[in-house]
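Everything on this sheet refers to the single structure shown next.
There are 2 protein chains.
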Amino acid sequence: MEELKVLIVDDEERMRKLVNDFLTAKGFKVLEAADGEEAIDLFCAEKDIALILLDVMMPKMNGWEVLKAIRKISKVPIIMLTARGEEQDELQGFKLGVDEYITKPFSPKILTARVDAILRRTGRSKSDVTEAAGITIDKTAHEVRVDGKTVDLSYKEFELLDYFIQNKGIALSRENILNNVWDYDYFGDARTIDTHVKKLRAKLGPSGEAIKTIWGMGYKFEA
Amino acid sequence: MEELKVLIVDDEERMRKLVNDFLTAKGFKVLEAADGEEAIDLFCAEKDIALILLDVMMPKMNGWEVLKAIRKISKVPIIMLTARGEEQDELQGFKLGVDEYITKPFSPKILTARVDAILRRTGRSKSDVTEAAGITIDKTAHEVRVDGKTVDLSYKEFELLDYFIQNKGIALSRENILNNVWDYDYFGDARTIDTHVKKLRAKLGPSGEAIKTIWGMGYKFEA
DNA sequence: CCCATAGCTTAAAGGAAACGTAAGCTTAAA
DNA sequence: TTTAAGCTTACGTTTCCTTTAAGCTATGGG
């Protein structure tokens, strides 16, 4: 499989590193730009950038200006990164050709989920239906089926189950789960995970037994 | 295989020595820094440091500040060392970019396990499945198989067996085992080991005979 | 062959981790 | 503003693991 290029544009070094880490781990080639000019230069120089992640709040040239400039030369998919409370401009954004929004702070799973969704839409990514232990996850429909029957899961439950299944057979510490499924600035009680696991097990019925407890260690999904 | 560099940052001499000894024994090249400034200087001077172990509680510049400073220039993997019950509110917002935590006191095995896990994730380490005397240890799945059949081991049993197999053919004194598998400040009865060995032998069946008693000395794992 | 020492076994106390329930809080919808 | 849903936290309960203690057995030197 070819290595897709993603460009992250943000003035904050930390944010770029964060996104770079997550997406590199997922097998993308990540390019970084610290401001709008750099972004446009880089976009023109590099061929076949598959997706751009664009921060709205930047000094000098803000995200909307960068967006407009890039839309003049390309219809590459663009995801805007906004801080909570900045969403008022969304309608304007969609008119200008924004494909998706991510609100900061976000979890690694959200990031990769949105990126996957976009690439799927533009036909550059693989299937989005996974199956394990009688559980089927359909990310496009955001739907879970157990033995054919649809099960209603909350948002977090869905994310958690998806993470388990993506890492089936691997023992996961609570710390690991917290870092990957929850927002990057979340610091909470690890017991929160226990509660969600409990709910998942209940909703999944017998298939829920696939989520094993590893005493003194964490959890593991096993078919 | 290349010799990976690990940097330990802690104001306590004892802790640095401890970590240095453990990791040197595991074939790492260990560098020490007694405070944040020294750490940053050293990190900039030395090329290709593969991993940083960073204590949180330090005078002058604390671990979080060091973390932020280093994250500005690099995305090197970082493991934070925290004391049990340390003020967790200050963690808010600083979590960004930490790969793993280790709570003091820890056992050498925990230390090397986390280090290995990180390096595995960043693709700089080898496989984590070992086999000896018909016993297979899979650290990723946190699973032990004897002649193909999965055997349920408790946390300590798992750690102990792993230590035996890593040191197969080597006679280990009880003191040695206590120092390596138990927390570094644990001072318990050596009979504790006997009990765990007994359970291991029972659970491993005939393969359990690979754990030999060396009278007046300790134990040895031999295929 | 006996004794001292080291190791083995068992059971039970104690502790730590996980579970279950419910209440509090936050966010989104009506 | 009210309502509802989901997320998080708190806490008592339960389960499981670790350690200790005590008696028993094996080993090897005298």
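Top line first, the protein sequences correspond to chains U and E.
Here the numbering used here is used: the first residue of the first sequence is 392, the next is one more, and so on.
Here the numbering used here is used: the first residue of the second sequence is 392, the next is one more, and so on.
Every residue gets a Cβ at the ideal spot worked out from N, C-alpha and C, and that includes glycine.
Residue i and residue j closer than 9 Å at C-beta
i	j	result
residue 447 of chain E	residue 427 of chain E	no
residue 397 of chain E	residue 440 of chain E	yes
residue 461 of chain U	residue 434 of chain U	yes
residue 400 of chain U	residue 442 of chain U	no
residue 550 of chain E	residue 500 of chain E	yes
residue 523 of chain E	residue 556 of chain E	yes
residue 574 of chain U	residue 497 of chain U	yes
residue 449 of chain E	residue 402 of chain E	yes
residue 495 of chain E	residue 527 of chain E	no
residue 568 of chain E	residue 607 of chain E	no
residue 621 of chain U	residue 611 of chain U	Any answer about residue 621 of chain U is impossible in this case: the structure gives chain U only from 392 up to 614.
residue 547 of chain U	residue 588 of chain U	no
residue 424 of chain U	residue 430 of chain U	yes
residue 584 of chain E	residue 592 of chain E	no
residue 414 of chain U	residue 503 of chain U	yes
residue 408 of chain U	residue 466 of chain E	yes
residue 490 of chain U	residue 511 of chain U	no
residue 437 of chain U	residue 422 of chain U	yes
Where residue i falls: helix, strand or coil (DSSP)
i	result
residue 497 of chain E	coil
residue 403 of chain E	coil
residue 408 of chain U	helix
residue 598 of chain U	helix
residue 577 of chain E	coil
residue 394 of chain E	coil
residue 481 of chain E	Its pLDDT being 43, under 50, residue 481 of chain E is placed unreliably in this model, and the value from its coordinates should be taken loosely. It is helical.
residue 503 of chain E	helix
residue 609 of chain U	strand
residue 590 of chain E	helix
residue 474 of chain U	strand
residue 522 of chain U	strand
residue 491 of chain U	strand
residue 415 of chain U	helix
residue 614 of chain E	coil
residue 583 of chain U	helix
residue 446 of chain E	strand
residue 463 of chain U	helix
residue 571 of chain E	helix
Bridge partners - residue i, DSSP secondary structure assignment
i	result
residue 536 of chain E	E:527 and E:541
residue 423 of chain U	U:399
residue 547 of chain E	For residue 547 of chain E, which the question treats as bridged, DSSP gives no partner whatsoever.
residue 563 of chain U	U:610
residue 604 of chain U	U:610
residue 440 of chain U	U:396
residue 469 of chain U	U:443
Chain E within 9 Å of residue i, Cβ atoms only
i	result
residue 404 of chain U	yes
residue 411 of chain U	yes
residue 566 of chain U	yes
residue 562 of chain U	yes
residue 399 of chain U	no
residue 605 of chain U	yes
residue 611 of chain U	yes
residue 408 of chain U	yes
residue 448 of chain U	no
residue 452 of chain U	no
residue 608 of chain U	yes
residue 392 of chain U	At residue 392 of chain U, the pLDDT of 48 sits below 50, so the modelled position is not reliable; the number obtained from the coordinates is stated separately. No, because no Cβ of chain E sits closer than 9 Å to the Cβ of residue 392 of chain U.
Contact with chain U by residue i, beta-carbon distance below 9 Å
i	result
residue 462 of chain E	yes
residue 500 of chain E	no
residue 482 of chain E	Any answer about residue 482 of chain E is weak, because its pLDDT of 45 lies below 50 and its placement is not dependable; what the coordinates show is given next. With 9 Å as the cut-off, residue 482 of chain E counts as an interface residue toward chain U.
residue 546 of chain E	yes
residue 533 of chain E	yes
residue 554 of chain E	no
residue 577 of chain E	no
residue 559 of chain E	no
residue 423 of chain E	no
residue 478 of chain E	In this predicted model, residue 478 of chain E has a pLDDT of only 49, less than 50, meaning its place in the structure is not dependable enough to derive any value.
residue 491 of chain E	yes
residue 466 of chain E	yes
residue 395 of chain E	no
Contact test: residue i Cβ vs the ligand FAD heavy atom, cutoff 8 Å
i	result
residue 417 of chain E	Absence of the ligand FAD is noted for the structure shown, with no ligands found whatsoever.
Practice prompt. Evaluate contact between the stretch 535-542 of chain E and the stretch 558-568 of chain E, counting only Cβ atoms and requiring at least three cross-stretch pairs below 8 Å.
Written response: no
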